[in-house]
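Written out below as structure tokens is the structure these notes cover.
There are 2 protein chains.
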Amino acid sequence: MTKNRYRRDELLEIAIDLFAEKGYVGTSIRDIAKAIDRSVSNVYHYFENKEELWLAILEYSVQGLPEKLRTVAHSEGEPLERFRKLLKLHLEESTKHQRETKIFFIDEERLSPKGKIINKRIQKEILDIYVEQFRLLQSHNLVRTKNLKILAFNVLATINWFLRWYDPYGDMSKEEIYDEIIDFVLHGMCK
Amino acid sequence: MTKNRYRRDELLEIAIDLFAEKGYVGTSIRDIAKAIDRSVSNVYHYFENKEELWLAILEYSVQGLPEKLRTVAHSEGEPLERFRKLLKLHLEESTKHQRETKIFFIDEERLSPKGKIINKRIQKEILDIYVEQFRLLQSHNLVRTKNLKILAFNVLATINWFLRWYDPYGDMSKEEIYDEIIDFVLHGMCK
DNA sequence: AAAAAAATAGAACAATTGTTCTATAAAATT
DNA sequence: AATTTTATAGAACAATTGTTCTATTTTTTT
């Protein structure tokens, strides 16, 4: 009954690669099997079906993000400095799981009802963390913007869009980009 | 030889709807035909194949965007005010073609080489318009940011991300959102 | 009214899809 | 050593895909 974790995760890795490159619908189980030189049935031995494979990827990576963000969001310290840390962590974690996060955002609408619900829940969780932060910063009279929800969308926009254009093999360093984005966001929201 | 433009555009409209909702790969020619209650061969009567249909959608909508933006970008007047107008137009045009622009960005990677090239070209064109504007604003000592390319990505991020979350039937007005986004961007970039 | 062109439908195509079934090799447990 | 569990492959499945072919109706042109 207990399945070999290592062999399973190998499949997961390949699946993440292909999903990120060609999308959920654009990637067949055969593509995955072929890429790692195994049989189709071998994939089904480890995952019930294609959607379970997708959900496993979520669990493998993005699932834990809200919790990590909350830890920083609820930590002690000066509000603005904490918010800066939150942004940094969010950028770092997203980069760490760049491929998965890409899948997560790109194929948003192409999932089964179950997948859609999970997807939306995680996104909502993250949005709420930011809105909460903004409310706090607002009470310290640090936020210029009126509509905190739009503000949250704008902040998430820069982070998530970054994942689309960032090329790990390009000539810009991660740190350089992080700093520019954080600077852009902080000036965009603060008084 | 000459095909009925009206009947053709009806197909295009339905295709845009379905592509926007279920993606390029997720939408079959049969889906399109069924949605408008025509035969599959009827679709092929108007479009050579699925990719030509996709390209027709581009032409139908997004294709002209860079030209429109350039018109404003190269117009007379005060630099910062002109930039504000550029943002506004970009937001308006994107909203006008929300479905198509969504397709355009979401299925970025799932196209044939030809489609990919066109896609990338348009995106590059738009990016260049912004970088050029920033250079000009920089020469007037109005820009804070060092890396203009990252800045351009950040600005495009807010605009394009807006298309993902904006719900025409929601309770926020377009104008309200436009103003918040423009405000966010201007403070994010300016001294 | 006749001929040509355009618009449509429907059946058929080979290829690909997610999935299942059966069978066998390898490993772990008894 | 015998037995059960896990891991694998390969063939087959019905459904769906993009596409093509043939045929018929409708419209336009002559």
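In order, the protein sequences belong to chains A and B. Counted from 1, the first sequence has number 5 at position 5 by the working numbering; the numbering is strictly sequential. Counted from 1, the second sequence has number 64 at position 64 by the working numbering; the numbering is strictly sequential. Just so it is clear, CB atoms sit at the ideal spot from N, CA and C, and this is done for glycine as well.
Fewer than three Cβ pairs drawn from the segment 176-184 of chain A and the segment 66-77 of chain B lie within less than 8 Å of each other, which leaves the two stretches out of contact. In the DSSP assignment, A:Val143 is bridged to A:Cys190.
DSSP, read as helix, strand or coil, puts B:Asp167 in coil. With respect to chain A, the C-beta atom of B:Lys174 has no partner C-beta closer than 8 Å. The residue among A:Lys120, A:Ile159, A:Thr158 and A:Ala73 with its C-alpha nearest the C-alpha of A:Val131 is A:Ala73.
In chain B, no part has a C-beta under 9 Å from the C-beta of A:Leu111; the shortest such distance is about 10 Å. A distance of 8 Å or more separates the beta carbons of A:Ile122 and A:Gly23.
If you look at A:His45, you'll find it in the alpha helix (DSSP H) that goes Val40 to Tyr46. Rounded to whole angstroms, the Cβ separation of A:Leu58 and A:Ile118 is 6 Å, and the two are in contact under 8 Å. Counting C-beta pairs closer than 8 Å gives three or more between the segment 154-169 of chain A and the segment 144-163 of chain B, which meets the contact rule. Distance between B:Asp17 and B:Arg99, taken at the CA atoms: about 7 Å.
Out of A:Leu87, A:Thr145 and A:Glu78, the CA that lies nearest to the CA of A:Glu175 is found in A:Leu87.
Where A:Val72 is concerned, the enclosing alpha helix (DSSP H) starts and stops at Leu65 to Ala73.
DSSP places A:Thr95 in the uninterrupted alpha helix (DSSP H) bounded by Pro79 to Lys96.
The shortest CA-to-CA distance from A:Glu108 to any of A:His140, A:Arg82 and A:Phe19 is the one to A:Phe19.
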